[in-house]
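Protein chains in written order, with our numbering: chain A, 21 to 424; chain B, 3 to 371.
Glycine included, every Cβ here is placed at the ideal spot set by N, Cα and C.
See below for the structure under consideration.
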Amino acid sequence: MDKLYRSIWIFCLLFLVTGCWDQNEIEERGFVIGAAIDMVEEEKGDSGGEMSEKELGDKYKLTYQFVVPGNFIGGSSGGGQSGGGASEGKPFLNLTAEGTSIHQITRKMAAETSRKPYLEHINLIVLSEELARKGYLKDVMDFFVRDHEMRRVAKVMVAEGEASKVLEINPQHEKMPVLFIDSLSENMVKHGTSLPPINIGDVHSYLLKGNSFVIPRIVVKNNKGAILGATMFDSQDQKMIGTLNESETLGLNFITEKVESAVLEFLMNGQLVAFEIKDARSKIKADVFDKDQIKFTVKINVDGNVGEVYGDVALKSRSVLSEIEEKTAKEIERIINGVIDKVQKKYKADVFELGAYLKQEHYKTWKQVNKEWEKGENYFSKSVVDVQVRVDVRQIGASIKMVK
Amino acid sequence: MKSFEYGDSEVGRKEVLVGVANMVIGFGVLTLPRTVANATHSIDGWISISLGGLIVIFFAGVLAKLISRFPKKNLHEFTSLIINKPIATILTFLFASYMMLFVCYEMRVVAEISKLYLFDRTPTEVICFVFFLVTIYAVSGPSTVILRLNLLFMPIILFIILLLIVMNIGFFEFKTTKPFFHTGWSEILRGSKETIFSFLGFEILLFYNAFINETKNTVKFTIMGMAIPLLLYLLVFVFVVGVFGVEVAENTLYPTAELAKRVEIPGGFFERFESVFFTIWVVTLFSTASMAFDVTLLAFASIFLKKIKRMTFIFFLSPLIYIIAMSPQNFAETSIFGEWISYLGIGFSMFMPLLLLVIAMMRGVKGNG
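Spelled out as structure tokens, the structure:
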């Protein structure tokens with residue numbers, strides 16, 4: 021009797037180990053790998069601003085890119101136009117829905133597809149320029165930071181124009197647009213003309229710190245995507261205030277020490293020289309004697325090779341090499357000063373993180389200027405940034421001269 | 003509780019060291035970086051942690067000194083010797099109640115975090131219930147077994163936390179930890195206060211003293227046991243700040259969990275490092291909860307002079323613990339509950355032993371061991 025009793029008990033306990041509640045069949049999951057968020061076009065004519073309490077009309081248009089595993093293996097890479105629908109043979113599927121909050125739209129989408137959106141593998145979040153300009157970045161990011169499924173490593177980018185277009189590009193070498201952009205963003209770092217990838221965690225930290233920041237910018241042309249330049253956000257209401265083009269981004273990367281490699285072109289004695297940067301280190305120093313005119317000295321040490329030389333420049337003598345070094349340094353200085361000028365005078369947004377540098381190294385001064393760094397007294401714009409570049413040519417390649 | 007046939011019902015100093023360390027490392031390791039960053043707003047929080055840690059280690063030393071004066075005796079027995087029996091009974095009863103609340107809190111927190119990160123749809127009540135069943139199973143056996151179990155868990159726990167640190171070295175930015183030494187003393191002290199909460203738990207020795215067979219080095223090994231969580235907390239705090247920055251540390255509910263989610267190694271298994279981390283972390287909370295439950299049982303048993311069987315206590319207390327654990331309605335209420343328990347803990351683990359030791363020394367009472 022005792023045995024029977026025990027057996028019944030043990031049998032009952034078995035039900036506890038089934039874990040039925042959170043059972044999720046992998047076949048029923050829709051793996052989302054990318055998201056694009058646009059603003060819904062407003063017909064009423066009120067331009068942006070805060071949404072009125074009464075009308076919770078649709079505000080965002082959210083596009084998720086789902087993986088279609090069945091088509092992943094045999095699917096033709098690339099594969100023509102994507103209309104956003106489930107076209108045959110493609111390894112991905114873009115679904116779009118509109119709504120007021122990201123969470124609600126995600127739920128809505130679950131009703132439209134046979135597979136529940138599962139966000140843990142999300143790789144890329146693209147925001148439209150309009151959304152960024154209206155300052156909704158912080159609102160839409162909340163969901164992605166808060167949701168427990170999310171990882172902080174998903175990349176964030178701002179599209180030129182519509183964001184959903186980015187998920188529809190024609191991927192080359194990769195099967196899915198998101199994966200293509202993902203590898204693109206890793207590659208672009210090598211050119212120095214785009215920002216290194218920024219992820220959700222970084223954006224969260226930018227928003228909390230309350231400084232101006234930059235996010236990579238993605239441009240779609242003829243169904244091809246490219247990550248070019250940067251989008252600037254200001255510190256006060258986290259609205260997009262402008263963009264930096266490629267060479268300006270390169271200048272920014274020099275200051276923030278994010279150049280891994282880059283190619284510079286310039287003329288020397290009328291001949292084109294391409295200089296390949298292999299390593300660039302920057303060192304910032306600040307003279308905080310006068311807080312109305314803080315003087316930053318940015319010293320940049322560049323190592324590199326001569327990549328390409330046209331004409332009859334002979335790379336034999338020391339003097340030619342030092343001329344190349346000098347010219348390169350001048351060119352880099354020109355690029356950096358260009359971006360400093362633009363950012364300091366026009367946008368008054370400290371995307372160089374000089375404020376953060378002050379906080380780290382000159383805490384007392386930072387406390388005094390922090391409140392009015394980018395507004396009011398505008399200590400940032402008043403500060404002087406002096407750039408000193410030193411270039412060393414390490415290698416000249418296998419040839420000395422091409423033409424006699 | 004009849005003695006059992008195999009082995010002895012005693013534990014050595016290794017078990018003391020590891021038991022204390024494991025009891026202390028618990029929920030705190032997840033939240034400590036946030037609470038300290040909230041108080042100090044900078045990397046200087048490490049001073050807070052060290053300061054708080056040293057204060058607690060001092061009191062742990064006091065407690066160890068007290069119990070080593072009375073070998074093989076538990077709180078009820080030596081308080082009877084130091085003061086008198088009625089007071090000893092009252093104190094033990096209060097202590098037992100505190101320990102019981104501690105179990106409730108610990109269980110609730112396990113359920114809460116498991117729900118947030120692991121079981122989206124499973125009701126908290128069920129997670130808690132399942133966890134509790136395992137705990138009940140653990141305490142159904144003799145106390146020494148639970149203490150010995152720690153020896154098994156500890157290396158794994160340390161390994162996983164250190165692995166978490168190592169995997170994040172790549173993301174650690176020295177720059178973000180600057181500037182140093184600019185936090186005011188009041189902030190540092192506020193940070194220390196928060197830290198002290200995370201170092202409680204060593205009071206279990208008040209009852210486990212009855213099982214310790216090597217009485218000589220109890221003080222030394224208790225302090226060594228406390229040093230493990232101190233070092234671990236320092237390491238985790240510095241890394242959370244170095245990887246995420248102070249601002250993010252302040253505003254993330256469980257920064258250490260986010261650190262685990264940050265780990266990114268190409269290829270399969272280790273991309274989901276947080277699942278390994280959570281598994282191990284539930285294990286530490288399991289040992290913490292079962293030790294606390296065990297001590298609760300020992301404490302009640304000591305009052306009732308072992309007339310009532312251990313299993314009877316378990317059957318009587320379990321529903322009570324479960325109901326109390328389920329009573330906070332949300333995260334905020336759970337935190338307040340936790341805070342109360344922490345204040346009680348300061349009373350029972352720091353001031354009560356100090357008082358008892360002082361009285362014992364004044365009266366010259368010593369155990370007859």
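Within 8 Å of any Cβ in chain A, is that where the Cβ of B:V250 sits?
yes
Pull out every residue of the region 201-229 of chain A whose Cβ sits closer than 8 Å to any Cβ of chain B, in chain order.
G221, H224, S225, L228, K229
Pull up the distance between the alpha-carbon of B:F302 and that of B:I89, whole angstroms please.
15 Å
Contact check, B:R71 vs B:G369 under 8 Å by CB: the rounded distance?
6 Å
Any idea if A:E206 is buried or exposed, counting beta-carbon neighbours within 10 angstroms, 16 or more meaning buried?
exposed
Take every Cβ of the region 171-188 of chain A, pair it with every Cβ of the region 223-239 of chain A, and state whether three or more of those distances are shorter than 8 Å.
yes
Residue closest to B:N24, alpha-carbon to alpha-carbon, out of B:T254, B:R150, B:T298
B:R150
Is A:S214 helix, strand or coil by DSSP?
strand
Got a sec, what are the start and stop residues for the alpha helix (DSSP H) B:M2 sits in?
Shown here, chain B extends from 3 to 371; a query on residue 2 of chain B therefore has no answer.
Name the two residues that bound the continuous alpha helix (DSSP H) containing A:P425.
The structure shown does not extend to residue 425 of chain A, since chain A spans only 21 to 424, so no value can be given for it.
Continuous beta strand (DSSP E) assignments of at least 3 residues falling wholly in the region 289-373 of chain A:
291-307, 315-329
Is the beta carbon of B:L356 closer than 8 Å to that of B:F176?
no
Does A:R26 pass the burial test, meaning 16 or more other C-beta atoms within 10 Å, or should it be called exposed?
exposed
Which of the three DSSP states is assigned to A:K175 in this structure?
strand
When you compare the CB positions of A:N143 and A:A183, do they come within less than 8 Å of one another, or not?
no
Straight-line Cα distance separating B:H43 from A:L199
38 Å
How far does the alpha helix (DSSP H) with B:E276 in it extend, from its first residue to its last?
275-305
Look up A:V413 in the DSSP assignment and say whether it is helix, strand or coil.
strand
Can you give me the C-alpha to C-alpha distance between A:I189 and A:F309, rounded to a whole angstrom?
53 Å
Going by C-alpha to C-alpha distance, which of A:M161, A:Y84, A:E48 sits closest to A:S134?
A:E48
State the DSSP-derived secondary structure class of A:I57, mapped to helix, strand or coil.
strand
Local conformation of A:Q408 per DSSP, three classes:
strand
Cβ closer than 7 Å: which chain B residues qualify as neighbours of A:H168?
L118, Y119
Evaluate B:V360 with the Cβ neighbour count: other Cβ atoms within 10 Å of its Cβ, from every protein chain shown; 16 or more gives buried, anything less gives exposed.
exposed
Exposed or buried, B:F288, counting other C-beta atoms within 10 Å across all chains shown (16 or more means buried)?
buried
Quick one: grab the DSSP three-state call for A:G249.
strand
Any C-beta of chain A sitting closer than 8 Å to the C-beta of B:P355?
no
Need the endpoints of the beta strand (DSSP E) that A:P236 sits in, please.
233-241
Using a threshold of 8 Å, state whether the C-beta atoms of B:I159 and B:V285 are closer than that.
yes
Does DSSP classify A:K229 as helix, strand or coil?
helix
Should A:W41 be flagged as near chain B, meaning a C-beta pair shorter than 8 Å?
yes
Distance CB(A:A413)-CB(A:V326) smaller than 8 Å:
The sequence as given places Val at residue 413 of chain A; Ala does not occur at that position. Cβ atoms of A:V413 and A:V326: closer than 8 Å.
Please state the DSSP three-state secondary structure of A:T264.
According to the sequence shown, residue 264 of chain A is Leu rather than Thr. Strand at A:L264.
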